[in-house]
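Student: First residue of the sequence shown? That's 84 in my numbering, and the numbers climb one at a time after it.
Ideal Cβ positions, reconstructed from N, Cα and C, are used throughout, including at glycine.
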Amino acid sequence: MSLVDTAYARATANGFGQSCEPEVGRLLATLAAALPPGARVLEIGTGAGVGTAWIADGLRPRSDVSVDSVEADPATAALAATAEWPAFVHLHVADALEFLAATPHRYDLVFADAFGGKIEGLDRTVEKLNARGTLVVDDMTPVEGWPEDFRAKQAGVRRALLTDPGLVAVELAHGSGVIIGVRRPPAG
Ligand SMILES: C[S@@+](CC[C@H](N)C(=O)[O-])C[C@H]1O[C@@H](n2cnc3c(N)ncnc32)[C@H](O)[C@@H]1O
């Protein structure tokens with residue numbers, strides 16, 4: 084089985100229901116495949132490792148890249164760690180905002196897929212993008228039955244990304260609804 088198929092199977096077998104859907108995963112793999120030599124990727128919210136698997140699949144067979152994936156819940160992180168990851172994948176058990184504050188790196192592709200770093204502290208995630216780095220968020224299409232406060236928080240993420248003058252951003256009706264933002268390089 085492929086890394087991606089194994090990851091979906093692991094999520095299902097362990098009742099983890101928050102994995103990214105294949106449409107979003109394929110987008111992540113495609114963006115990862117276009118990354119320049121030496122690129123760094125960050126996933127915020129590892130979950131069972133489905134998004135990580137799509138990203139890794141898009142990057143293989145390269146070895147010049149690095150993928151950090153951060154998960155706050157130790158049991159969920161342990162589940163993702165049961166996979167056989169390529170050597171360029173580094174799993175971290177940490178709160179996203181603490182990780183963002185501590186990491187010395189900037190990233191060329193970020194999938195912000197957890198409360199921390201997306202709904203809370205989105206600006207800190209954007210700050211960690213390299214010039215021309217790409218940020219992806221999903222679940223942007225409102226779903227009937229979402230609690231009103233969650234709907235408002237997702238709307239806040241949309242507004243922040245689509246109006247940030249430092250980003251070129253687009254919202255796509257793809258999968259659960261994605262926004263892709265690319266950080267503008269400094270003037271000059
Ligand atoms: C939507 S799931 C991630 C799914 C995964 N990215 C994928 O594509 O399959 C969100 C995950 O973020 C984790 N999480 C929630 N808050 C977090 C935080 N502040 N820092 C890091 N991880 C967090 C949750 O425990 C959960 O596993």
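If you follow the beta strand (DSSP E) that G264 is part of, which residue opens it and which one closes it?
Tutor: G264 -> beta strand (DSSP E) spans 261-266.
Student: Would you say the beta carbon of G271 comes nearer than 7 Å to a heavy atom of ligand 1?
Tutor: no
Student: Runs of 4 residues minimum, wholly inside the region 214-262: which ones carry the alpha helix (DSSP H) assignment?
Tutor: 231-246
Student: Answer yes or no: do A166 and R109 have a C-beta to C-beta separation smaller than 8 Å?
Tutor: Not a contact, by the Cβ cut-off of 8 Å.
Student: Between L142 and ligand 1, is the CB less than 7 Å from at least one heavy atom?
Tutor: The beta carbon of L142 sits no closer than 7 Å to any heavy atom of ligand 1.
Student: When burial is assigned at 16 or more other CB atoms within 10 Å of the CB, is S85 buried or exposed?
Tutor: exposed
Student: Looking at the structure shown, is D151 part of a helix, part of a strand, or coil, going by DSSP?
Tutor: strand
Student: Measure how close the beta-carbons of L205 and V240 come, nearest whole angstrom, since I'm counting them as under 8 Å.
Tutor: 6 Å
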